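Residue numbers (my numbering), protein chains in the order written: chain Z, 1102 to 1592; chain A, 476 to 992.
And the structure:
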């Protein structure tokens, strides 16, 4: 067996342990330095993950763990997100009070869960990696122990996360009982006969409950706004980017890779799920006054847009999901970096507290504006091209399926609604209300670097999308080759 | 670098340079913006003069692949023909004038000019594009600047609401059109939205009439919302009334034409069956613009609302010319687009100057200003007379051409257009002139001063272009005509055996029967 395939994961675990141990010797004053060191190490890890030294394609642990282009794509993605989150946390440190190095270590352990999720080729590994992510986030979300909202966020996530995990494990049991295996490749080979087994379909549905919770899709979205609002900004950012992407890579592996035929038969289910998620997220975001809560609803709406790619069920759809997530990562990280950078200077998380930001820090104001514009899907930002690819992937398969045209109409309405609340944030930044406090907000160098990288990413992906689309296309090609023997009847 | 790309990149580079200048160097910022927009305008003028009139096909073409992955094939493809060369010219001129009239911007000067430059770049890119995705990309570039400019530098209490209204309407229209474009991309199967590729592909593999019938309205009504076609027009007057002068000039003058440009560039020539089915509807709605908006303009007391509504009425002529589906009608539409760009730019520049002097745009409170401001008054008379359709200005040339072109196919609409658009519009404009310029002087405006020499430049530039194209419209029409022919070519000689041959087929079928007797 080729153990070298899990080099990246092993290195990440070691990194987390080193941070935990280092905490014993590093004085509390120097813990920010520890964060910077960790960021540097994650930078190396990122270079390793996307460089030519990364593990070659292959599978290990009785085909439970695969490394392919899809896995490599998401591994790079997760490591980058963790790097940005660690730098964000360094700036956010005063708000934590204590336990900064534990926050770093937990971030790295959540990263390990995501790295394993990217390679999961078996329902058991899927469950274990998701649990690793969820359990670390119980702690990360309630990290501001003195704040009631943060504790509430942690408890909500704990209870709902626990319930969804229970559903999932039940579903896995049903699948194992009917298919005699939990391996995706085996499921793919057997899916024709399994498609007629009600128990198997029941099991699959229950697994989808667990994944739906991860990506915050309707009807499993209830936790998102409260948790987004209560959690410390860096943890929310990691939740919004990493956890959601982990959910989507598993959805792609399971629905597009393992059981494409059943996905195609169920496409009405996903149409309803996607449309309802878009509408719920967009409509509920309208009255929000709290910026982080707004981002929570926006993340629900974005889960709906991402589901468009799953609805399409085609390689083009998966490419679009990958591309959209790439742009979404830069965008959301930029937004939360600004939120966390101003957390020490702005009295509350309210949108109205942003008033005067245009004068207090033109740099932060411009970065947040670009992130918001990208979320709204307006060129030349990354979000535009992502939405374009998603819409196109659905319209590609739409002829003959009127419900897909209805879904596109819903998505268009969702984008227009979303413009209203996103642009409300821009209004608050530049001309909303009178701010009594116009003192300049200082921006730390590390924050500045993260923001510049994110903004450069947003613009680069928006103006020159070719590179990432190609990589995403390549990553998905592997998957559709594996699933190739099974034709998709509906399309 | 080829010249069309440089006309797009000059404002972008100017915007980047402006970002590097510290925000409190206001004079430097203004001069840099003027220089940048002057370069853009100069390049546009030189392009226009180097354009070979009467030649078919595209000139100054350049093509760079943008995204080519699998079935997705988008290219940065720019080129000029009769449809867009005039629009590129007026974008340069109006952009230059818009920068010049922005001397009174005091807050956040740097951001203002950066956003204005982005608007100019977006408009230039949209007009130069031959790939519809790239067109969409550039067109949307102006959306966020419009929103922020109305909010930060806008006028009036309602500007917040107006900013949201204009943004939401424009986005809704753009998204409907985008869905139409993607559907067209998928249905055409050319793996491209480049009009040259599409034209060649559709000649060999025509698009079914059924597909055209549902894609055409998505594209056309989506883009028509951006133009302000009745009844999707209510965003325009309030938006322009709330916008700062330069934004109103750029939007009413230039960006509004982008929707028309896309309809002419892609929808009408490439979906002839859809055009046959839906353009009559557009024609009827255009009468809504001509009648309703002109009538509304008549009732306005605020000068910006008057200009906004009358500019919507003029868009009725543009739609009418498209709906006529004749070479003359389409030529007239392009003339109207060019002329109206200059006119709307001029009108909003004039109202903006008036507001700096009087502090209000309420025309009922004004009077006798011609004596105080002879130059300004003359410019206002010329601008509003041009809006009435006075011969000698480009607007007359355009509107008359549209009416000529549409007479055969839409005689009733021409009658309504001529009477309403020209007569109601003239009444509205003349009443405004009387209220503002003539009558007794009002004591509260005793400190009003005429434009200084510097400030005359934007008015002079726009007026002279209007007079030039009014006296010698042949400069434009000779350039437009080959392109207009290409637009309606599909309607004269059917592209394919879809619906169009059904008309000649009927007499052909009856002919043998008759000869049998």
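Cβ atoms here follow ideal geometry from the backbone N, Cα and C, with glycine treated the same way. Bear in mind that the values here come from a model prediction, so they are computed numbers and not experimental data.
Exercise. Which residues in chain Z sit within 7 angstroms of residue 654 (chain A), going by Cβ to Cβ distance?
Worked result: Within chain Z, the residues near residue 654 (chain A) are 1492, 1509, 1513.
Problem set entry | Under the three-state DSSP convention, the category residue 1391 (chain Z) falls into | It is a strand residue.
For this session: Could you check how far apart the C-beta atoms of residue 617 (chain A) and residue 728 (chain A) are, in whole angstroms? I think they sit under 8 angstroms.
Result: About 12 angstroms separates the beta carbons of residue 617 (chain A) and residue 728 (chain A), which is beyond the 8 angstroms limit, so they are not a contact pair.
Problem set entry | Own chain residues within Cβ distance below 8 angstroms of residue 1390 (chain Z), not counting five before or after | When the five nearest sequence neighbours on each side are left out, the beta carbons in the same chain lying within less than 8 angstroms of the beta carbon of residue 1390 (chain Z) are those of 1451, 1452, 1453, in order along the chain.
Exercise. Candidates A:599, A:569, A:956: which alpha carbon is nearest residue 481 (chain A)'s?
Worked result: Looking only at A:599, A:569, A:956, the smallest Cα-Cα distance to residue 481 (chain A) is reached by A:599.
For this session: If I'm right that residue 682 (chain A) touches residue 652 (chain A) with Cβ under 8 angstroms, what's the distance once you round it to whole angstroms?
Result: The beta-carbon separation of residue 682 (chain A) and residue 652 (chain A), rounded to 17 angstroms, does not stay under the 8 angstroms limit for a contact.
Exercise. Going along the chain, which residues of its own chain have a beta-carbon closer than 6 angstroms to the beta-carbon of residue 904 (chain A), five neighbours each way excluded?
Worked result: Non-local C-beta neighbours of residue 904 (chain A) in its own chain, meaning closer than 6 angstroms and more than five positions away in sequence, comprise 859, 862, 863, ordered along the chain.
Exercise. Does any C-beta atom of chain Z lie closer than 9 angstroms to the C-beta of residue 651 (chain A)?
Worked result: Cβ-Cβ to chain Z under 9 angstroms: yes for residue 651 (chain A).
Problem set entry | Distance, residue 571 (chain A) Cα to residue 1316 (chain Z) Cα | Going by the C-alpha atoms only, they are around 49 angstroms apart.
Problem set entry | Close-in-space but distant-in-sequence residues of the same chain around residue 695 (chain A) (CB under 6 angstroms, 5 per side omitted) | Taken in chain order, the residues that qualify are 738, 742.
Exercise. Helix, strand or coil: which one does DSSP assign to residue 1139 (chain Z)?
Worked result: Three-state DSSP puts residue 1139 (chain Z) in a helix.
Exercise. With 16 other CB atoms within 10 Å as the buried threshold, where does residue 1369 (chain Z) fall?
Worked result: A residue is called buried once 16 or more other Cβ atoms fall within 10 Å of its Cβ, and residue 1369 (chain Z), having fewer, is exposed.
Exercise. Taking DSSP as the reference, what is the three-state secondary structure of residue 553 (chain A)?
Worked result: Residue state, collapsed to three classes: strand.
Exercise. Checking contacts by CB at 9 angstroms: is residue 1111 (chain Z) closer than that to chain A?
Worked result: For residue 1111 (chain Z), no Cβ of chain A is located within less than 9 angstroms of the residue's own Cβ.
Exercise. Taking the Cβ atom as the reference point for each residue, do residue 758 (chain A) and residue 787 (chain A) lie within a distance shorter than 9 angstroms?
Worked result: Going by C-beta atoms, residue 758 (chain A) is not nearer than 9 angstroms to residue 787 (chain A).
Problem set entry | One or two residues paired with residue 1161 (chain Z) in a DSSP bridge | The partner list for residue 1161 (chain Z) (beta bridge, DSSP) reads Z:1166.
For this session: Tell me, please, whether the CB atom of residue 583 (chain A) is closer than 9 angstroms to any CB atom in chain Z?
Result: It does: the Cβ of residue 583 (chain A) has a partner Cβ on chain Z nearer than 9 angstroms.
For this session: Starting from the beta carbon of residue 623 (chain A), find every residue of chain Z whose beta carbon is closer than 7 angstroms, and list them in chain order.
Result: The CB of residue 623 (chain A) comes closer than 7 angstroms to the CB of 1527, 1531 in chain Z, given here in chain order.
For this session: Assign residue 1192 (chain Z) to one of three DSSP states: helix, strand, or coil.
Result: Of the three classes helix, strand and coil, the one that applies to residue 1192 (chain Z) here is helix, per DSSP.
Problem set entry | Other residues of its chain near residue 1404 (chain Z): CB distance less than 6 angstroms, five sequence neighbours each side excluded | These residues qualify, in order along the chain: 1316, 1317, 1318, 1378.
Problem set entry | Validate contact between the stretch 715-728 of chain A and the stretch 788-807 of chain A using beta carbons, cut 8 angstroms, 3 pairs | A contact between stretches requires three or more CB pairs, one per stretch, nearer than 8 angstroms, and the stretch 715-728 of chain A fails this requirement with the stretch 788-807 of chain A.
For this session: Taking all protein chains shown into account, decide if residue 554 (chain A) is buried (16 or more other Cβ within 10 angstroms of its Cβ) or exposed.
Result: Buried: at least 16 other Cβ atoms inside 10 Å.
For this session: Starting from residue 542 (chain A), follow its DSSP beta bridges and name the residues at the other end.
Result: Its beta-bridge partners are A:549.
Exercise. Pairing CB atoms from the stretch 526-543 of chain A with CB atoms from the stretch 883-901 of chain A, are three or more of them under 8 angstroms?
Worked result: Proximity of the stretch 526-543 of chain A to the stretch 883-901 of chain A falls short of the contact definition, fewer than three beta-carbon pairs being nearer than 8 angstroms.
Exercise. If you draw a straight line from the alpha carbon of residue 514 (chain A) to that of residue 615 (chain A), how long is it in whole angstroms?
Worked result: Rounded to the nearest whole angstrom, the C-alpha separation of residue 514 (chain A) and residue 615 (chain A) is 23 angstroms.
For this session: List the endpoints of the continuous alpha helix (DSSP H) containing residue 1242 (chain Z).
Result: For residue 1242 (chain Z), the enclosing alpha helix (DSSP H) covers residues 1224-1242.
For this session: Note down, in chain order, every chain A residue with its Cβ under 7 angstroms from the Cβ of residue 1579 (chain Z).
Result: Residues of chain A passing the Cβ test: none, with the nearest at roughly 14 angstroms.
Exercise. DSSP on residue 1245 (chain Z), reduced to helix/strand/coil?
Worked result: In the three-state scheme derived from DSSP, where H, G and I count as helix and E and B as strand, residue 1245 (chain Z) is classed as coil.
Exercise. Around the C-beta of residue 1145 (chain Z), are 16 or more other C-beta atoms found within 10 angstroms, so that it is buried, or is it exposed?
Worked result: The residue is exposed, with fewer than 16 neighbouring Cβ atoms inside 10 Å.
For this session: Using 10 angstroms around the beta-carbon of residue 1467 (chain Z), count the other beta-carbons present and answer buried if the total reaches 16, otherwise exposed.
Result: Per the 10 Å Cβ criterion, buried.
Problem set entry | Exposure label - residue 611 (chain A); buried when at least 16 CB within 10 Å | Counting Cβ neighbours within 10 Å, residue 611 (chain A) comes out buried, since at least 16 surround it.
Exercise. Taking Cβ-Cβ distances shorter than 7 angstroms, what residues in chain A pair up with residue 1524 (chain Z)?
Worked result: Chain A residues near residue 1524 (chain Z): 622, 639, 642.
Exercise. Who are the Cβ neighbours of residue 530 (chain A) in its own chain at under 8 angstroms, not counting the five residues just before and after it?
Worked result: 957.
Problem set entry | Opening and closing residue of the alpha helix (DSSP H) in which residue 928 (chain A) lies | Per DSSP, the continuous alpha helix (DSSP H) segment holding residue 928 (chain A) begins and ends at 928-946.
Exercise. Which chain Z residues sit within Cβ distance under 7 angstroms of residue 618 (chain A)?
Worked result: Within chain Z, the residues near residue 618 (chain A) are 1479.
For this session: Give a yes or no on whether the minimum CB-CB distance between residue 1451 (chain Z) and chain A is below 9 angstroms.
Result: No - not a single Cβ of chain A is within 9 angstroms of the one on residue 1451 (chain Z).
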